[in-house]
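In what follows, a single structure is set out as structure tokens and then discussed.
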Amino acid sequence: MKLKVVSYKACPFVQRVLIVLQHKKIEHEIEYIDLAEPPGWFLDMSPLKKVPILIVGEDVVFESSVINEYLEETYDNKMHPESAILKAQNRSWIELGSNVSMCTLRLTLLQNKDEFLSAILELHDYFDQIEKALLSAPFFNGNQLSLVDATYAPAFQRLDFIEQIYGSIYDQKRHKRIVNWKKNLLDLEALKKSSVPDLKSIYYELLWTRQGYISNFLDERKYGSRKEQSTY
Ligand SMILES: N[C@@H](CCC(=O)N[C@@H](CS)C(=O)NCC(=O)O)C(=O)O
């Protein structure tokens, strides 16, 4: 069955799916769209008008975590643990991963310093919980890459881009295991291959377009005059 992922270059949720496709070595096509001007065929196919969608022959699957579950059920190189309780717990942490991604997105949109700092504190609250769940191991469940890892890697990648202009975001003392985990995820070949090569500059362009507080840390000379705020 032919697989096609409909993508937007800067989307972390698309990357979750592409990491799994890479890890399982599943052949696929990617079609990029512009979310600021989504094509009609995409709006007809995507009930939430969001990417990613996965087109499987004549069928469409939407929502990144659901797409990943479909890939997990259908293809080898299993990423979920076998036991029902561990699998359920992995799904719970995937859910929390969506809160981490949304909070990371908010860091790029919030307009003032206080809101930005309170979003970092919210992230720290999530990190406190994750820290308790992590093992002293390269990945979430041990040595094997899991769907939990595929979920968090794109968020850590964006936090890393933010850190490169803003400075440290993690609490190195409270979040030792997370810092180690995110290093392992950032080194993953599957993460590198899950985005376009110029993701970092696309991401900084987006920060500039969004004109949130974080855009003050970009080099203004590179981006020209400040524009009207946009969410894309
Ligand atoms: N819960 C969705 C989130 C996907 C999502 O928010 N995608 C963004 C791009 S990164 C999008 O398509 N936004 C378009 C819109 O909200 O209109 C998933 O996990 O697939």
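Here the numbering used here is used: the first residue of the sequence shown is -3, the next is one more, and so on.
In this text, a Cβ means the ideal position worked out from N, Cα and C, and glycines have one as well.
| Query | Result |
| --- | --- |
| Boundaries (first-last residue) of the alpha helix (DSSP H) holding ASP124 | 109 to 129 |
| Spatially closest choice to ASP55 from LEU67, VAL62, SER61, MET41, by CA coordinates | MET41 |
| For TYR219: DSSP bridge partner residues | None, per the DSSP bridge assignment. |
| Alpha helix (DSSP H) segments (min. 4 residues) lying fully within the segment 31 to 114 | 36 to 41, 60 to 70, 80 to 105 |
| Three-state class that DSSP yields for TYR200 in the structure shown | helix |
| Per-residue burial, MET(-3) [other beta carbons within 10 Å of its own, 16 or more giving buried] | exposed |
| Cut-off 7 Å between Cβ atoms - residues of its own chain near TYR162, not counting five sequence neighbours on either side | ILE210, PHE213 |
| Length of the line joining the Cα atoms of PRO193 and GLU59 | 24 Å |
| LEU141 in three-state terms, based on DSSP | coil |
| C-alpha gap between GLY93 and LEU39, whole angstroms | 26 Å |
| Simplified DSSP assignment, three categories, for GLU23 | coil |
| DSSP three-state assignment for VAL13, whether helix, strand or coil | helix |
| Cβ pair LEU181, ALA133 closer than 8 Å | no |
| Among ILE165, GLN168, PHE152, ASP167, the one whose alpha carbon lies nearest that of LYS196 | PHE152 |
| Length of the line joining the Cα atoms of ARG170 and ASN86 | 22 Å |
| Per DSSP, the bridge partner or partners of LEU(-1) | VAL52 |
| Boundaries of the alpha helix (DSSP H) in which LEU187 is found, first to last residue | 185 to 188 |
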